[in-house]
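Residue numbers (our numbering): 2 to 62.
Every residue, glycine too, gets a C-beta built ideally from N, C-alpha and C.
Report on the structure given below.
Shown next, in the form of structure tokens:
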């Protein structure tokens, strides 16, 4: 693995952790409470938002 790619991977994980903090500070629930990699899952049940609506809001619908 190239050193540059390792640095890139570390930055991606750091960015995901920063995004989790923003969501938590804005009152969203993160299912696992955080992330150790580039993935995290938001619980939108208390936001009255369906998966279909979230998908459309993200521009995929």
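Q | Beta-bridge pairing of residue 44 - partner residues as DSSP gives them | A | 30
Q: Measure from the alpha carbon of residue 15 to the alpha carbon of each residue in 50, 42, 51, 35, then state which is nearest.
A: 35
Q: For residue 18, I'd like the list of residues in its chain whose CB is within less than 8 Å of its CB, leaving aside the five on either flank, ordered along the chain.
A: 35, 36
(Q) Are the CB atoms of residue 21 and residue 41 within a distance shorter than 8 Å? (A) yes
Q | Reduced DSSP category for residue 60 - H, G, I as helix; E, B as strand; rest coil | A | coil
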